[in-house]
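Novice: Numbering (my numbering), first residue to last: 83 to 218. Got a structure here, written out as structure tokens. Questions coming.
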């Protein structure tokens with residue numbers, strides 16, 4: 083089992099603390115190989131309004147940047163929008179484009195293909211990862 087941690091300084095600040103909580107939770111459920119909705123993740127983490135989904139998406143984008151920099155599959159691929167038929171929100175694809183992982187249309191057929199491949203890679207990789215908890 084490989085250990086996955088955070089580089090110095092990344093666990094400071096509200097967004098990064100939430101990102102660590104999200105990564106830890108997703109690593110705990112990745113073995114199910116079933117995506118979780120933004121709403122279900124917000125409930126599981128007991129996030130308080132206002133803007134719970136926005137809090138999640140900002141932290142998920144942070145995780146995407148970390149994963150891309152480390153050449154890891156995007157753990158954020160485990161989180162989907164109920165309203166988009168099992169795909170992540172458009173911001174997932176925008177962020178994936180910014181980190182050099184996706185260059186298609188977030189509403190086109192390439193989005194579904196990219197997502198399926200990224201989800202499968204994330205399940206395989208993160209199922210064997212052990213998150214190194216930081217003091218939060």
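Cβ coordinates follow ideal geometry from the N, Cα and C atoms, glycine included. As the structure is a computational prediction, the values presented were derived from the model and not from experiment.
Using a 10 Å radius around the Cβ and a threshold of 16 neighbouring Cβ atoms, would you call residue 200 buried or exposed?
Specialist: Its Cβ being crowded by 16 or more others within 10 Å, residue 200 is buried.
Novice: Using DSSP bridges, identify the partner residues of residue 119.
Specialist: Paired residue(s): 162.
Novice: Mind checking residue 172: buried by the 16 CB within 10 Å criterion, or exposed?
Specialist: Classification of residue 172: exposed, given that the 10 Å Cβ count is below 16.
Novice: Could you spell out where the alpha helix (DSSP H) holding residue 130 opens and where it closes?
Specialist: Per DSSP, residue 130 belongs to no alpha helix (DSSP H) and is neither H nor E.
Novice: Classify residue 211 as helix, strand or coil using the three-state DSSP reduction.
Specialist: In the structure shown, residue 211 sits in a strand (DSSP, three-state: E or B).
Novice: Report the rounded CA-to-CA distance for residue 112 versus residue 208, giving the unit in angstroms.
Specialist: Residue 112 and residue 208: Cα-Cα distance of roughly 7 Å.
Novice: Examine the Cβ distances between the region 115-134 and the region 180-196 and report whether three or more of them are shorter than 8 Å.
Specialist: With a cut-off of 8 Å, the region 180-196 and the region 115-134 do not count as touching, because too few Cβ pairs lie within range.
Novice: With distances taken between CB atoms, is the gap from residue 144 to residue 202 smaller than 8 Å?
Specialist: Contact: no.
Novice: Let me confirm a value: residue 89 is counted as buried when at least 16 other C-beta atoms fall within 10 Å, else exposed. Which label applies?
Specialist: Bear in mind that a pLDDT of 42 at residue 89, under 50, signals an unreliable position, so the number given afterwards is only what the model happens to contain. Per the 10 Å Cβ criterion, exposed.
Novice: Nearest to residue 177 by alpha carbon, out of 109, 155, 104 and 147?
Specialist: Considering only alpha carbons, the answer is 147.
Novice: By how many angstroms is the C-alpha of residue 194 removed from the C-alpha of residue 105?
Specialist: Residue 105 and residue 194: Cα-Cα distance of roughly 23 Å.
Novice: State yes or no: is the C-beta of residue 204 within less than 8 Å of the C-beta of residue 157?
Specialist: Going by C-beta atoms, residue 204 is nearer than 8 Å to residue 157.
Novice: If we require 4 or more residues per run, which alpha helix (DSSP H) segments fall completely within the region 139-205?
Specialist: Listed in chain order, the complete alpha helix (DSSP H) runs (minimum 4 residues) inside the region 139-205 are 172-180.
Novice: Flag this pair as yes or no: are the beta carbons of residue 162 and residue 117 separated by less than 8 Å?
Specialist: Yes, the Cβ-Cβ distance between residue 162 and residue 117 is below 8 Å.
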